[in-house]
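Enquirer: Here it is, the structure in full.
Number of protein chains: 2
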Amino acid sequence: MEEYQDHSLGGRVFQKLREDILSGKYKENDELRENTVGKELGVSRTPVREALRQLELEGLVTIIPNRGAYVTGISHKDIWDIYMIRSMLEGLCARWAAEHITEAQLDELEEAILLSEFQMKKESGFNTEQITALDGRFHAILYEASGSRILSHVLTDFHNYVQAARKSSIVSEDRARKSIREHRQILRAIKDRDPEMAEQLANEHIMHVMQNLKKQGY
Amino acid sequence: MEEYQDHSLGGRVFQKLREDILSGKYKENDELRENTVGKELGVSRTPVREALRQLELEGLVTIIPNRGAYVTGISHKDIWDIYMIRSMLEGLCARWAAEHITEAQLDELEEAILLSEFQMKKESGFNTEQITALDGRFHAILYEASGSRILSHVLTDFHNYVQAARKSSIVSEDRARKSIREHRQILRAIKDRDPEMAEQLANEHIMHVMQNLKKQGY
DNA sequence: GATTGTATGATTGTATACAATTATACGAGG
DNA sequence: CCTCGTATAATTGTATACAATCATACAATC
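Quick look at the structure:
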């Protein structure tokens, strides 16, 4: 979905702005002038407008008619809320995955975990970017395996939303190890076609990530 | 939020198209040409483009680069999935509302229910539009009372999404009565500051609506 | 007859021009 | 000194113009 995003200027501006907002480059209440943003990115106002309207829908920007677009940003409470919601929905997702997953998808999950474990074993210290990407990949496959485009859609959105926070969570090597172990347990439950167990484990997994985040001051 | 929607042409086109897609006026895979839509609504391509990009983000439209925008539509399974998700999240919402709600919001909830009960008592047969609106109002207040803009946002989205289905559910007078009774029970639990009970009741409430929908062939 | 290449038309992508609205500066009046 | 009103500038809202891409029709070739 949203394959056009990489192709059109509007899509690229959207992605760039979202990244910059979530990473904190644009701060709360910053004004996003169409002309200014356009000049910075070397495009005209039209694609910028499209992007701003989309960001408004995602809740990252507030548009006041005839006035302008202002960064909404996300508070620590927002992140906490998202993790509570995700905890429930990832549970539901794992349950459905346990009911619908294909052999091919099982293999993909296995591969993602194996690669993660491999990364952690490296003596040179693990690559944070890689681990984050593999974590995202594991969850993305799970979303797909739920067989619900609706659930997949909303979980993907939330996942992107807390991207910035996630990176800071996984830098803790201890947490990274536990996270991968939990992933393996979830996969085990799904392989065993045990929806109840899968749901509970996925549930707890997200709660653990959340608790770890809290320890880091979020 | 999204107050600009009523003000700008782009916002109005967005709402109109969403309504027409959800109501079934535009069917699956229908092509939405910018020029054609624009002429039908008496606006230029620019606001139509903005609307289409937003609809793409909501998953109601699929955009293929340099080709066009096509209606994605929502299947019965999508609706079923949404109700499962909503069931959980409305539960969470009711729980948080029981913890955070203000006196003013309690009054608003009371008022919405009283108006609903009044509508149902009318001998002339109840007004479907009114009942639907009041149902929406009850839930909207609850979303607000959760104190979580994130949860409120996602629940509002889903609520709009199944709007078409909701209307067909509430035409059943029997279901409408039970629905209002359940609303009153939820309010009771929240007033008693009983989060567990509120969560469970809200949970079941949505499941009941879902079951009723199923009986009607959804 | 099927297939491929090309020309033409239609549609989307982007930029720009113009209109409408709002913010700002400044002076008049109290 | 403060308030209000007006003029001007800046910004957003919308429409249109132009460029790029894609679909279609038709002819040439095998």
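Note that the protein sequences, when read in sequence, are chains A and B. Everything in the first sequence is counted per the working numbering, starting at 1 for the first residue and increasing by one. Everything in the second sequence is counted per the working numbering, starting at 1001 for the first residue and increasing by one. Glycine included, each C-beta is placed from N, C-alpha and C at the ideal position. Note that the coordinates shown come from a computational prediction; the quantities given were computed from them, not determined experimentally.
Anyone know if the C-beta pair for residue 166 (chain A) and residue 212 (chain A) falls short of 7 Å?
Expert: Against a cut-off of 7 Å, the Cβ pair of residue 212 (chain A) and residue 166 (chain A) comes out as no contact.
Enquirer: Does residue 1003 (chain B) come out as helix, strand or coil in the three-state DSSP assignment?
Expert: For residue 1003 (chain B), the pLDDT reaches just 46, beneath the cut-off of 50, and the residue's location in the model is therefore unreliable, leaving the point undetermined.
Enquirer: Pull the bridge partners of residue 1070 (chain B) from the DSSP assignment, please.
Expert: Note: residue 1070 (chain B) sits in a beta bridge opposite B:1031 and B:1062.
Enquirer: For a cutoff of 7 Å on Cβ pairs, would you count residue 1195 (chain B) as touching chain A?
Expert: Cβ-Cβ to chain A under 7 Å: no for residue 1195 (chain B).
Enquirer: Are three or more beta carbon pairs between the region 70-79 of chain A and the region 147-159 of chain A nearer than 8 Å?
Expert: No: the two stretches stay apart, fewer than three of their Cβ pairs being nearer than 8 Å.
Enquirer: Suppose the cutoff is 7 Å on Cβ atoms and the five residues either side in sequence are ignored; what does the same chain contact list for residue 49 (chain A) look like?
Expert: If we look at residue 49 (chain A) and ignore the five residues flanking it on each side, its Cβ neighbours are 34.
Enquirer: Given that a residue counts as buried once 16 or more other Cβ atoms are within 10 Å of its Cβ, and exposed if not, what is residue 54 (chain A)?
Expert: Result: buried.
Enquirer: Quick one: which unbroken alpha helix (DSSP H) runs of 4-plus residues sit fully inside the region 1181-1207 of chain B? Chain order, please.
Expert: Within the region 1181-1207 of chain B, no complete alpha helix (DSSP H) run reaches 4 residues.
Enquirer: DSSP three-state call for residue 1156 (chain B): helix, strand or coil?
Expert: Reduced to three states, the DSSP call for residue 1156 (chain B) is helix.
Enquirer: If you measure from the beta carbon of residue 155 (chain A) to each beta carbon in chain B, is any gap under 7 Å?
Expert: It does not; no Cβ of chain B falls within 7 Å.
Enquirer: Can you pull the chain A neighbours of residue 1044 (chain B), defined as C-beta to C-beta under 7 Å?
Expert: Those within 7 Å of residue 1044 (chain B) in chain A number zero; the least Cβ separation is about 12 Å.
Enquirer: For residue 202 (chain A), which residues of its own chain have a beta-carbon under 6 Å away from its beta-carbon, when the five flanking residues on both sides are left out?
Expert: Here the set comprises 90, 91, 94 and 186.
Enquirer: Comparing the C-beta of residue 141 (chain A) with each C-beta of chain B, is any distance below 7 Å?
Expert: No, no contact with chain B.
Enquirer: Reducing DSSP to helix, strand and coil, say where residue 42 (chain A) ends up.
Expert: Here residue 42 (chain A) sits in coil by DSSP.
Enquirer: Among A:43, A:124 and A:160, which has the Cα closest to the Cα of residue 137 (chain A)?
Expert: Per the Cα distances, A:160.
Enquirer: 7 Å is my cut-off, CB to CB: does residue 41 (chain A) come that close to chain B?
Expert: Chain B, which has no Cβ nearer than 7 Å to the Cβ of residue 41 (chain A), makes this no.
Enquirer: Which same chain residues end up closer than 7 Å to residue 115 (chain A) when comparing Cβ atoms and leaving out the 5 residues on each side of it in sequence?
Expert: So the qualifying residues of the chain are 134.
Enquirer: Rounded to a whole number of angstroms, what is the C-alpha to C-alpha distance between residue 1096 (chain B) and residue 1015 (chain B)?
Expert: Taking the straight line joining both Cα atoms gives about 30 Å.
Enquirer: Count the other C-beta atoms from every protein chain shown that fall within 10 angstroms of the C-beta of residue 158 (chain A), then say buried if there are 16 or more, exposed otherwise.
Expert: Label assigned to residue 158 (chain A): buried.
Enquirer: Using a Cβ-Cβ cutoff of 8 Å, what residues of the region 82-106 of chain A are near chain B? List them in chain order.
Expert: So the close ones are 82, 84, 85, 88, 89 and 92.
Enquirer: If you run the structure through DSSP and keep just helix, strand and coil, what is residue 1126 (chain B)?
Expert: In the structure shown, residue 1126 (chain B) sits in coil (DSSP, three-state: anything other than H, G, I, E or B).
Enquirer: From residue 192 (chain A) to residue 145 (chain A), what does the alpha carbon distance come to, in whole angstroms?
Expert: If I take the Cα positions, the gap works out to 15 Å.
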